Amino acid sequence: MSSPMIEPTLFPMTVEEVAHLLCVNFNQDAKSLAVGHASGYILYKTTDALESSIVIDDSDNSTTMHDAVIVERLFNSSLVVIVSQKEPRIMNIYHFKSKNMICCHKYTKSVLNVKLNRDRVVVCLEDCIHIYVLKDMKPLHTILDTPLNRLGLIDLSSAGSSLIAYPASLEAGNVAVNTFTVHDGPLACLKFNIEGTMIATASTKGTVIRVFSVPQGTRLFEFRRGMSREPSSESSSGWFSYLTQAASSYLPTQVNELMTVERSFATAILPGTDKKNVAAMPTIKGQPHLLVATTDGFLYCYRVLSTGGECDLMKMHRIGIIAAETSRGDPSKKRFSKLLIGLCA
Numbered sequence: 100m101s102s103p104m105i106e107p108t109l110f111p112m113t114v115e116e117v118a119h120l121l122c123v124n125f126n127q128d129a130k131s132l133a134v135g136h137a138s139g140y141i142l143y144k145t146t147d148a149l150e151s152s153i154v155i156d157d158s159d160n161s162t163t164m165h166d167a168v169i170v171e172r173l174f175n176s177s178l179v180v181i182v183s184q185k186e187p188r189i190m191n192i193y194h195f196k197s198k199n200m201i202c203c204h205k206y207t208k209s210v211l212n213v214k215l216n217r218d219r220v221v222v223c224l225e226d227c228i229h230i231y232v233l234k235d236m237k238p239l240h241t242i243l244d245t246p247l248n249r250l251g252l253i254d255l256s257s258a259g260s261s262l263i264a265y266p267a268s269l270e271a272g273n274v275a276v277n278t279f280t281v282h283d284g285p286l287a288c289l290k291f292n293i294e295g296t297m298i299a300t301a302s303t304k305g306t307v308i309r310v311f312s313v314p315q316g317t318r319l320f321e322f323r324r325g326m327s328r329e330p331s332s333e334s335s336s337g338w339f340s341y342l343t344q345a346a347s348s349y350l351p352t353q354v355n356e357l358m359t360v361e362r363s364f365a366t367a368i369l370p371g372t373d374k375k376n377v378a379a380m381p382t383i384k385g386q387p388h389l390l391v392a393t394t395d396g397f398l399y400c401y402r403v404l405s406t407g408g409e410c411d412l413m414k415m416h417r418i419g420i421i422a423a424e425t426s427r428g429d430p431s432k433k434r435f436s437k438l439l440i441g442l443c444a
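Next up, the structure:
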C-alpha cells in the first residue's frame with residue numbers, strides 16, 4: 100500500500116532547523132545520497148525514501164573528512180571521493196568499509212568537481228581536467244588550458260564509453276564532447292543520460308533546457324521553464340540535474356524529429372528556501388519518483404504519476420548532522436518553489 104500524500108504546508112522550516120550542509124549529491128544511479136557537513140559526511144540509502152526513516156549506509160567524522168564540500172560515491176560500492184573545504188587542493192579516495200585511505204592526490208589549484216564511473220576518475224580544476232584509471236589511479240590524460248570553469252561544470256557518462264563533457268567557451272554555450280554549440284550564452288548546467296547517448300544543457304539565462312544526441316550534437320528536445328532565474332553558483336545544478344538522471348526511460352530508441360515542449364509534463368512544489376538542491380528520478384517499488392535533497396537538510400520524495408500533473412509529496416526526511424524529527428508549525432513561515440519535469444517522448 101502506498102504511503103499517504105503529505106501536505107507540504109505541514110512542514111515548517113525555521114531558522115533553528117536549517118542544517119547548513121556543505122554538499123548534497125546523488126550517486127550515479129540515485130540509489131545513494133551523499134551529504135557533506137562541517138564534521139564529515141553521511142551516506143544514505145535512497146531505496147528507503149518511502150519508509151518512515153532512511154537508512155544510513157555510513158558516516159565519518161574523522162578529522163580528514165571535516166568540512167566535506169565534495170562527496171562522490173561510486174555506485175553502491177564502498178569507494179568515496181572526498182574533498183575538504185580546509186584542504187581544497189587535495190582529493191581523498193577512501194574505502195569506508197575498511198576505513199582505509201586509498202590515496203590522496205594534490206593539485207596546484209582547488210578541486211571544483213569530481214566524477215566517477217567504473218573505469219575512470221575525472222577531476223576538474225578551473226583551467227584543466229585530470230583523468231585517471233580507477234583500478235590503479237594511474238594518470239591517463241590531462242586536458243590543459245580549458246576555458247575558465249570556476250563552477251566546475253563537468254559530467255562523465257556512467258556506462259559505455261567514458262565520455263566527458265565540459266564547457267568549451269566562456270561566452271557561447273559550447274560543450275566539448277565533440278564540440279557543438281548548445282546555447283548562445285554561457286552554460287550553467289550539463290548532464291549525460293545514464294547510457295551516455297544524450298546530454299542535457301542549460302545556460303545561465305535558465306529558461307530553456309535542451310537535449311542533444313551524443314556524439315553527433317543533434318538537438319532532440321527542448322524544454323521551456325517559462326520563467327527566468329538569476330545565475331548562481333548556489334543553485335547551478337539543483338533545478339536541472341534530475342532531467343536526464345532517470346528520464347531516459349521515457350525516451351524512444353530512435354528520435355526522428357525535434358519536439359518542443361512548451362509546458363511541463365509534471366510539477367513538484369518544493370517547500371523550503373532557495374538554497375542549493377539536487378534532484379534525481381529513481382524507480383522505487385516499480386514507480387518513478389522524484390527525490391530532491393537540499394543543503395538546508397531535507398530530502399523530499401515525490402510520486403510522479405504517468406498522467407503527469409502535480410506530483411504528490413509522499414515523504415520528507417531530515418538529513419545531515421541535525422536529522423531530528425520535524426515538528427509541525429505555522430505554514431506561513433514556509434517558502435515554496437516549483438520543480439518542472441519535462442517528458443521526452
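Residue numbers (my numbering): 100 to 444. Idealized CB from N, CA, C, for every residue including glycine. Computed from a predicted structure; not experimentally measured.
By the DSSP assignment, the beta strand (DSSP E) with Val154 in it spans what residues?
Translated into positions along the sequence shown, residue 154 becomes position 55. It is not in any beta strand (DSSP E) - Val154 carries neither H nor E in the DSSP assignment.
On the DSSP letters alone, give me the boundaries of the beta strand (DSSP E) that Tyr206 sits inside.
Taking the sequence shown and counting its residues from 1, the one referred to as residue 206 is at position 107. Looking at the DSSP string, Tyr206 is not in any beta strand (DSSP E), and its letter there is neither H nor E.
Would you check if the distance between the CB atom of Val403 and the CB atom of Pro381 is smaller than 7 Å?
For this step, residue 403 is matched to residue 304 along the sequence shown. For this step, residue 381 is matched to residue 282 along the sequence shown. Not a contact, by the Cβ cut-off of 7 Å.
Looking at C-beta atoms only, is the number of pairs between the region 166-177 and the region 136-155 that lie closer than 8 Å three or more?
With the cut-off at 8 Å, the region 166-177 and the region 136-155 touch.
Among Gly284, Gly251, Lys234, which one has its Cα closest to the Cα of Phe290?
Here residue 290 refers to the residue found at position 191 when the sequence shown is read from its first residue. Before going on, a small fix: residue 290 reads as Lys here, not Phe. Closest by alpha carbon: Gly251.
State the beta-bridge partners of His240 as determined by DSSP.
By one-based count along the sequence shown, residue 240 stands at place 141. Answer is Ile230.
Return helix, strand or coil for Thr145, following the three-state DSSP convention.
Counting from 1 along the sequence shown, the entry for residue 145 is found at position 46. Of the three classes helix, strand and coil, the one that applies to Thr145 here is helix, per DSSP.
I need the DSSP call for Met413, collapsed to helix, strand or coil.
Residue 413 sits at position 314 when you count from the first residue of the sequence shown. It is a strand residue.
Using the rule of at least 16 other Cβ atoms within 10 Å of the residue's Cβ for burial, across every protein chain shown, is Cys202 buried or exposed?
Residue numbering aside, residue 202 sits at position 103 when the sequence shown is read from its first letter. Exposed, because fewer than 16 other Cβ atoms sit within 10 Å of the Cβ of Cys202.
Where does Met297 fall in DSSP's three states?
In the sequence shown, counting from the first residue as 1, residue 297 sits at position 198. If DSSP states are grouped into helix, strand and coil, Met297 belongs with the strands.
Quick one: using the 10 Å Cβ neighbour count with 16 as the cut-off for buried, is Thr207 buried or exposed?
Translated into positions along the sequence shown, residue 207 becomes position 108. It is exposed - the Cβ of Thr207 has fewer than 16 other Cβ atoms within 10 Å.
Please report the distance separating the alpha-carbon of Thr241 from that of Asp226.
Here the question's residue 241 lines up with position 142 in the sequence shown. Here the question's residue 226 lines up with position 127 in the sequence shown. Cα to Cα, the separation comes out at about 11 Å.
Mind checking Ser183: buried by the 16 CB within 10 Å criterion, or exposed?
Within the sequence shown, the letter at position 84 stands for residue 183. Label assigned to Ser183: buried.
Please determine, among Leu142, Leu369, Phe397, the residue with the shortest C-alpha to C-alpha distance to Cys410.
In the sequence shown, residue 410 corresponds to position 311, counting from 1. Nearest of Leu142, Leu369, Phe397 to Cys410, Cα basis: Leu369.
Short of 7 Å in beta carbon distance, which residues of its chain neighbour Asp147, apart from the five on each side in sequence? Order them along the chain.
Start at 1 with the first residue of the sequence shown, and residue 147 comes out as number 48. Cβ within range, chain order: Ile153, Val154.
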